[in-house]
Every structure is written in C-alpha cells, then in structure tokens.
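There are 2 protein chains.
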Amino acid sequence: MEYETPLFFHVMEYADRAETDVIDMVSGNPDWKPPEALRTGLHEFADADPDRFQYPPSDGLIELRAEIADRRGVDIDQVVITNGAGEANYLAMARAMERNRGSEILLTEPVYPYYPGKTTMLGGTQRFVSTDEAGQLDPADVRAAASDETAAIVVNSPNNPTGAVYPEETVRELVAAAEAYDAILISDEVYDHFDLSGQFSSALGVDSDHRIVTNAFSKSLAITGFRVGYAIFPPELVANARSRHMLVNVAGSRPAQYAVLHALRETDPDYYRRNRELLRERVETFTDALDAAGAAYTTPQGAFYVMARFEGYPGTLANIEQLIDEIGVAGMPGDAFGDSRSDWLRFALVTPRVEEAAERLVQYFD
Amino acid sequence: MEYETPLFFHVMEYADRAETDVIDMVSGNPDWKPPEALRTGLHEFADADPDRFQYPPSDGLIELRAEIADRRGVDIDQVVITNGAGEANYLAMARAMERNRGSEILLTEPVYPYYPGKTTMLGGTQRFVSTDEAGQLDPADVRAAASDETAAIVVNSPNNPTGAVYPEETVRELVAAAEAYDAILISDEVYDHFDLSGQFSSALGVDSDHRIVTNAFSKSLAITGFRVGYAIFPPELVANARSRHMLVNVAGSRPAQYAVLHALRETDPDYYRRNRELLRERVETFTDALDAAGAAYTTPQGAFYVMARFEGYPGTLANIEQLIDEIGVAGMPGDAFGDSRSDWLRFALVTPRVEEAAERLVQYFD
Numbered sequence: 000m001e002y003e004t005p006l007f008f009h010v011m012e013y014a015d016r017a018e019t020d021v022i023d024m025v026s027g028n029p030d031w032k033p034p035e036a037l038r039t040g041l042h043e044f045a046d047a048d049p050d051r052f053q054y055p056p057s058d059g060l061i062e063l064r065a066e067i068a069d070r071r072g073v074d075i076d077q078v079v080i081t082n083g084a085g086e087a088n089y090l091a092m093a094r095a096m097e098r099n100r101g102s103e104i105l106l107t108e109p110v111y112p113y114y115p116g117k118t119t120m121l122g123g124t125q126r127f128v129s130t131d132e133a134g135q136l137d138p139a140d141v142r143a144a145a146s147d148e149t150a151a152i153v154v155n156s157p158n159n160p161t162g163a164v165y166p167e168e169t170v171r172e173l174v175a176a177a178e179a180y181d182a183i184l185i186s187d188e189v190y191d192h193f194d195l196s197g198q199f200s201s202a203l204g205v206d207s208d209h210r211i212v213t214n215a216f217s218k219s220l221a222i223t224g225f226r227v228g229y230a231i232f233p234p235e236l237v238a239n240a241r242s243r244h245m246l247v248n249v250a251g252s253r254p255a256q257y258a259v260l261h262a263l264r265e266t267d268p269d270y271y272r273r274n275r276e277l278l279r280e281r282v283e284t285f286t287d288a289l290d291a292a293g294a295a296y297t298t299p300q301g302a303f304y305v306m307a308r309f310e311g312y313p314g315t316l317a318n319i320e321q322l323i324d325e326i327g328v329a330g331m332p333g334d335a336f337g338d339s340r341s342d343w344l345r346f347a348l349v350t351p352r353v354e355e356a357a358e359r360l361v362q363y364f365d
Numbered sequence: 000m001e002y003e004t005p006l007f008f009h010v011m012e013y014a015d016r017a018e019t020d021v022i023d024m025v026s027g028n029p030d031w032k033p034p035e036a037l038r039t040g041l042h043e044f045a046d047a048d049p050d051r052f053q054y055p056p057s058d059g060l061i062e063l064r065a066e067i068a069d070r071r072g073v074d075i076d077q078v079v080i081t082n083g084a085g086e087a088n089y090l091a092m093a094r095a096m097e098r099n100r101g102s103e104i105l106l107t108e109p110v111y112p113y114y115p116g117k118t119t120m121l122g123g124t125q126r127f128v129s130t131d132e133a134g135q136l137d138p139a140d141v142r143a144a145a146s147d148e149t150a151a152i153v154v155n156s157p158n159n160p161t162g163a164v165y166p167e168e169t170v171r172e173l174v175a176a177a178e179a180y181d182a183i184l185i186s187d188e189v190y191d192h193f194d195l196s197g198q199f200s201s202a203l204g205v206d207s208d209h210r211i212v213t214n215a216f217s218k219s220l221a222i223t224g225f226r227v228g229y230a231i232f233p234p235e236l237v238a239n240a241r242s243r244h245m246l247v248n249v250a251g252s253r254p255a256q257y258a259v260l261h262a263l264r265e266t267d268p269d270y271y272r273r274n275r276e277l278l279r280e281r282v283e284t285f286t287d288a289l290d291a292a293g294a295a296y297t298t299p300q301g302a303f304y305v306m307a308r309f310e311g312y313p314g315t316l317a318n319i320e321q322l323i324d325e326i327g328v329a330g331m332p333g334d335a336f337g338d339s340r341s342d343w344l345r346f347a348l349v350t351p352r353v354e355e356a357a358e359r360l361v362q363y364f365d
C-alpha cells in the first residue's frame, strides 16, 4: 500500500532550507501565544508525584473528559481524548468503516489532504462532492453522491482550505443525509474558535446516532505540538473506537493532557476573543493588499486561510517553490487540495507579517 | 469488528474501586522516580517560545532521533519516534502486513495481550508458538510454525509476562527464520534496561532487512504516561511506516519528547543501574516469600513480573478479583496471557510492598 503523503511537510522543509528570509504561511501553526495557564499547568505537572507520570486512563484524564463533556453537553462516556484531531479523525473514519455498511467515504472538493490519505490507508475508496467557489457545500449534492456504499461523509467547518463556515441548515441536512444512507457524518470542527462569521454551527446541535464530532486544542490554545484532541461518538459507536485507540496508542501523553486541562479551567474567554480578532485583522490586511493587486481571492468566514489566484500562475508545487526562492513567501499549492483549486494558492495567516507578504506578492505579480 | 480489549484496565479499575487497602501489582507502571533531568526538561519546555509549542517533525524531534540513532548505532533515517511502544508495535505490525507476503502473525504463548489485539485490528490472523516453562522460545518451533503466510514474528525480550531473556543465539536464529520465510521479525525490547541476567541481546545486533526493533522510554525513565517510544526500521520499510504514523497521529507530543531528550542527555548511567538493582532485590524478596509458602513460581531473568501458581487456585479473572477483595493484593490473571498460563497469576513488582504482598498470599494459601 502506498500513501499519499501530505505535501505540508515537504513545503515546510523546502522553506526551511531556503537561504533567504521566508515568511512562513504554509501550515496552520498559530504564531500567537498559548494561554499563560497552559505553561503554569506544565510547570505544575513537572513537579508532580511519580505516579502521575504513569499511564493516564486510555481514553484520557477523567477530569479533562468531564470538562469537555460539560462544555459540549454530552455524556462523558461519549468522549475519547485523542492524539490531536489527526487521531480523532482516524478513529472516526475507521469506526464508520467498521460498521460494514460500505467502504466509500464522501469528501468535499477541495479537501484537506489528510482525509483522502486516511481513507486509502483504511482500505476505503473516496468520492468527492464539489463545493461552490466560496467553499459552501450543498447537501443535495451530498445526497446525490451518496449510496448504500457510503460509510461516512467527512466535513470540516470552519473549513481548511476554503474558509467556508457551514450554516446550521447545511449541518442539519448533512446529518439527515448520513441518516438516510445509514452512513456516519464526521464533522471536524477544529477551527470552531475561529469563526469570523458568527454562523458556525456544531454538528452536536443535531441529535443523532449517525454523527461523530472531532476537535482538538491545537488551534484554540495555539499548541499544535501538544497533540490533545477528542472525538465525541454516539453511545453505540464509542466502545470499538476506544478499543482501537487503546490498541494503536495505549493512551495520549499525560503532561499535555494535564496542561490542557489546567488551561481550559483557568483561561479567560477574552483569550479566545483576542486571537479571533487578531485573525480578523490579518484577513482584512491581507485581502486589502490582494485587492490592490487586482488578485482574485476568497474572504474566509473562518479558520486561518486565504486562497488567492494570480493570473497565469497556477497553484503547483513548482510555483510555490518559486515564490519561496524569489520573494520569500511560502504558501501551499492549491492543487494539494483538489483539482478545483489548481489555479489557486493557499496562504495561512499565522504570521504577523501578512502585510509584508501581501506586498511582496503584489510587487511580484505586478 | 470486535477487539479483545486488554484486561489490564478492567483489573485496575476493579482494584481502584475496592474499599480495602490494595497492593497494586497489576500493570507495569514503575513506582520509582523518573530522573530529575526529566522534570528539568519539562520546566524548560514550559517556558519556551510559542513556536516550540507547535508541530514537531512528524517522525519526532530531530535531536531525539539523532540521540537514539547514535546510541543504537543506526542511521537516523531509520528511526521513527512514536506514541510509546504501543504505537511502535502497531506501526511495525502494520508495515509487515502491508508487504502482502501473507497475513499471519506468529506470536508466542504466553503472549502480551496487546499483540493479538493489534493483529485482529489489522485484519491478520494469529498463530501461537509455545515457549517452555521458563518462557524460552525455541527458534526451531518458530520455523516449524512459519509458512509463506507468515507476515511477521513478534517477540518480546526481556519478556512480559514470563521474564525470559532470549540469548543471542535465539535472537540470531529468529532473524534467520524471518528471512527464510520472507517475513519480518518484530523485536519489542521495551524492558531492555531491566535485564537481570546479563544475557539480553538486541535484534539490532543482527544485521538484516527483515527485522524491526521497537522500544520506548516508558519503563527505562519510569514515564509510562509520557508516551514516547520509537521503532527502528530497515531502510526500505521506513517510508510507509512514517506515512502511517503521520496519517494516524500527525506527530507525537512535543513536551514529552523534549523532556525525554533532556533526560537522555543529562541522566547518569547510575540511574538505570539503581532501578535495575531495586528490581533485583524485589524479585528476591518476593520469590523467597513464595518459597516459604511452597508456591510454584518463575524467577524472571528480566522485566518486572513474577508468575506464581497456587494449588487449586487457577489464574482466572474471578480469582484475581477474589484476591483483591479478600487480601488486597491485585495481580493479573494468567489466562489473560494464554492457555498455557491459565493456572498462574502474574504479579508486577512495581510497589515497595512486595514483601507484604507475598506474606498476604502465603497466609491466604496456607
């Protein structure tokens, strides 16, 4: 079996090797600070008794699961703490496949490249449903593509790479589509704290035994390297997912879970609001500069990314590397996300230098 | 698909719920201290710049991989840092299955229960090769059981649960058996620092493109909850394993990796020696008391466990629970490890109260 290794790491390595000053807009790594309580939590943990350094419960520290269950309004038994959203999505997709109601996974186009990678690894096949230019997904298109072969429908809102935020009606209809075909809607909501539109709607708002919600603290607490995420399963699906988690990872890393728990308890809501506002300002700055250059772009409703299109400069890996070499701006090739975005380049707004990056782009394409 | 969930967590929960004073000898959780440098490393990390809180390289911090490669005498490209030995074994077994040279996994009997669990999860079948009463494995038996269907041979030395340490000749012949059937020898060496016999021999000592070695810092640094392990692959097998690791977990947890790196660099060899001697003393204390009771037992050559047999008291879950309830000693049922040990109980020597535990057992079975 060969996997399609996501291009992220390749592009990041290429940018790291460049000898010029490169503005890194490749990956969704927040450049803002984690909450202070996260650091305090880690210090506390470092001084704990030796027995605290041993296996946490396989499905995560019980206080952390309780905190999440309480915030999300679900039963604690439905919550499995995972090694980031990456493992949460892997468990969710594997769990959907194991129901033996087909082995096809419906994905959106454009798509976050880890989803097709996971699908292939799990022995599934993939079918893509196109979104519109703004990245919105029409549930009628999902129903048209679904069949008895459909094991799962995987969606991501706020969306990477398009920035689309699906309204409540879309989410409700996606759950209904999953139910109609006895499939599982997997709703990856890792950017939920970065909804700039006020329209974000969690799939947890639709009661159903046909949806799994995945999330992580990677983005909301600015700690992509800690690897603390979670999945919320319907009661009848959770046992096997928990077993798979145990058989793959035994448990997640305890210092990280402890620090996240401490941060959740002690962090003021203002922390989240400030980072969201920071992102909103960066979107404005970056798109204003693109406007000035007459470039086409999408204005994100949420998440960290702006997709831009420059006349005669398609979103290939070669072109991304050329921008790194010639103007020191590192983005991601649009075609990494699907054919529909092959003319586009994706820029992650995770640097204070978005204005400078936009100016370099404008000057280059002038 | 239903998995056989390992019993460890069930027994630990049962022991936790008991209202009496229970001596916990269930799981391989060290009760001794982690090295001081591990704590220092975690404190250092807690104060690091925000960019250090973001994704590490998928296959692990490069300094940690270099440190491991250097100590183990392998190329850094062969090393993948994993979420503990659990993920390392999962990746190794999955990688062996993906070669499409058969889907049967050869396991020892008795066996560490996670191995058959992983085999089933990966869609493989299992065949068991019996060890002798001391837990030694005869490579001729392995060859007799192997066939074109054999994808992998999974061994563990020092062994959980028997305490057997395989001599160099056994290890060499196991690698040869894997080569003869174009299978992969997976050598789980997580207890390598707890060889009490001086006979331990790593499979890395036998140069071959047919063996994968797995390990972790869980036991050697007394941090089962940190989840930092590694697998060393032959060059031609590493790429796909790295992809699977990325698609399942994205990366391991960075604070834990950083703390482990710091601990490896700063910890005196005396730390490891002291813990090994502590374990040696506990083995003596516990087996002396069992001797006094006329119980049968195995003297471990390594690892943390003593298997004991009490006349007319087979190693069932019900009997383990009865010991928890009546004398406050929590072990593991022998039959969790295979039929050959169904008359036995396994006790992990990870408590300073081994003498008291032995006395309680002696009195109970007197």
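Going line by line, the protein sequences match chains A and B. So for the first sequence, numbering that gives the first Met the number 0 puts the first residue at 0; every next one is plus one. So for the second sequence, numbering that gives the first Met the number 0 puts the first residue at 0; every next one is plus one. Cβ atoms here follow ideal geometry from the backbone N, Cα and C, with glycine treated the same way.
DSSP three-state call for residue i: helix, strand or coil?
i                      : result
residue 106 of chain B : strand
residue 213 of chain A : strand
residue 327 of chain B : coil
residue 315 of chain A : coil
residue 225 of chain B : coil
residue 180 of chain B : coil
residue 201 of chain B : coil
residue 256 of chain B : helix
residue 339 of chain B : helix
residue 364 of chain A : coil
residue 100 of chain B : coil
residue 9 of chain B   : helix
residue 274 of chain A : helix
residue 58 of chain A  : coil
residue 285 of chain B : helix
residue 50 of chain A  : helix
residue 173 of chain B : helix
residue 295 of chain B : strand
residue 130 of chain B : coil
residue 220 of chain B : coil
With a threshold of 16 other CB atoms inside 10 Å of the CB of residue i, please say whether the residue is buried or exposed.
i                      : result
residue 310 of chain A : exposed
residue 356 of chain B : buried
residue 329 of chain B : buried
residue 10 of chain A  : buried
residue 151 of chain A : buried
residue 436 of chain B : Since the displayed chain B opens at 0 and closes at 365, residue 436 of chain B lies outside it and no answer follows.
residue 82 of chain B  : buried
residue 99 of chain A  : exposed
residue 334 of chain A : buried
residue 287 of chain A : exposed
residue 124 of chain B : exposed
Can the beta-carbon of residue i be found less than 8 Å from the beta-carbon of residue j?
i                      : j                      : result
residue 228 of chain B : residue 84 of chain B  : yes
residue 364 of chain A : residue 294 of chain A : yes
residue 292 of chain B : residue 348 of chain B : no
residue 162 of chain B : residue 337 of chain B : no
residue 141 of chain B : residue 195 of chain B : no
residue 29 of chain A  : residue 221 of chain A : yes
residue 289 of chain A : residue 314 of chain A : no
residue 172 of chain A : residue 200 of chain A : no
residue 41 of chain A  : residue 45 of chain B  : yes
residue 327 of chain B : residue 76 of chain B  : no
residue 353 of chain A : residue 285 of chain A : yes
residue 260 of chain B : residue 63 of chain B  : yes
Using 8 Å for Cβ pairs, my map puts residue i next to residue j. What's the rounded Cβ distance?
i                      : j                      : result
residue 297 of chain B : residue 133 of chain B : 6 Å
residue 319 of chain A : residue 73 of chain A  : That pair is no contact at about 40 Å.
residue 225 of chain B : residue 52 of chain A  : 7 Å
Tell me, please, whether the segment 56 to 76 of chain A touches the segment 89 to 104 of chain A by the rule of three or more beta-carbon pairs shorter than 8 Å.
Between the segment 56 to 76 of chain A and the segment 89 to 104 of chain A there are fewer than three inter-stretch CB-CB distances shorter than 8 Å, so the stretches are not counted as touching.
Pair every Cβ in the segment 241 to 254 of chain B with every Cβ in the segment 112 to 131 of chain A, then say whether three or more of these pairs are closer than 8 Å.
Verdict: yes, contact present.
Pair every Cβ in the segment 253 to 262 of chain B with every Cβ in the segment 243 to 257 of chain A, then say whether three or more of these pairs are closer than 8 Å.
yes
For the 8 Å Cβ check, are there 3 or more pairs between the segment 273 to 282 of chain B and the segment 148 to 158 of chain B?
no
Cβ contact check for the segment 206 to 223 of chain B and the segment 171 to 184 of chain B: 3 or more pairs under 8 Å
yes
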